[in-house]
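Asks: Counting in the working numbering, the sequence shown runs from 34 upward without gaps.
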Amino acid sequence: AAPQASPTVSCTDSATYTFKVAYSGKMEKCSWMTKNPSPTKDAARILKYCADAQTKFQCAKTCDTCKVPPCVDNATHTFVLPNVGKTVKCEYITKNIKKVATRQAS
């Protein structure tokens, strides 16, 4: 079979995702990480908040975690989940949005 072309995916941050800022307790959007006039502080914010798997996934552009080119799932590939021994297809990884980043990392 010929290789499949990767779909065009734009690298963006979620427009609705928010995370809690450690020192203030305020909920902020991805863009908050780069609003500081100091590049050093921006870099420190990105390093700190992008370490969280969910924030890294939701703030893909800010955290610079976009895959280029994006991968295309193989419809027939399966793998065994290590903790439960269940065989699943690639689509399992993105089935639950709250667990996507954790599943992609493992």
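Beta carbons: idealized from backbone N, C-alpha and C, even for Gly. If you're wondering where the values come from, they're calculated on a predicted model, not measured in any experiment.
Give the straight-line distance between the Cα atoms of C70 and A86, rounded to the nearest whole angstrom.
Replies: In the sequence as displayed, the identity of residue 70 is Pro instead of Cys. Looking at the two C-alpha atoms, the distance is approximately 26 Å.
Asks: Given 8 Å as the limit, is there contact between the region 46 to 66 and the region 88 to 96, that is, 3 or more CB pairs closer than that?
Replies: They touch, by the three-pair rule.
Asks: Where does the unbroken alpha helix (DSSP H) through T88 begin, and where does it stop?
Replies: Unbroken alpha helix (DSSP H) run through T88: 86 to 91.
Asks: DSSP has E61 in a bridge; who is on the other side?
Replies: DSSP, once it has assigned bridges, lists F52 as partnering E61.
Asks: Give me the Cα-Cα distance between K68 and E124, rounded to the nearest whole angstrom.
Replies: Rounded to whole angstroms, K68 to E124 spans 35 Å at the Cα level.
Asks: Can you tell me whether K100 is helix, strand or coil according to DSSP?
Replies: The answer is coil: DSSP assigns K100 none of H, G, I, E or B.
Asks: By how many angstroms is the C-alpha of T120 removed from the C-alpha of S57?
Replies: In a straight line, the C-alpha of S57 is about 43 Å away from that of T120.
Asks: Give every residue of the same chain whose Cβ lies closer than 8 Å to the Cβ of R78, excluding the five residues on either side of it in the sequence, and list them in chain order.
Replies: Contacts found: W65, M66, T67, N69.
Asks: With distances taken from CA atoms, which of K53, K122, Y50 is nearest A108?
Replies: It is K122.
Asks: Within 10 Å of its beta-carbon, does T111 have 16 or more other beta-carbons around it, so buried, or fewer, so exposed?
Replies: Per the 10 Å Cβ criterion, exposed.
Asks: Which partner residues of T111 appear in the DSSP bridge assignment?
Replies: Beta-bridge pairing links T111 to K122.
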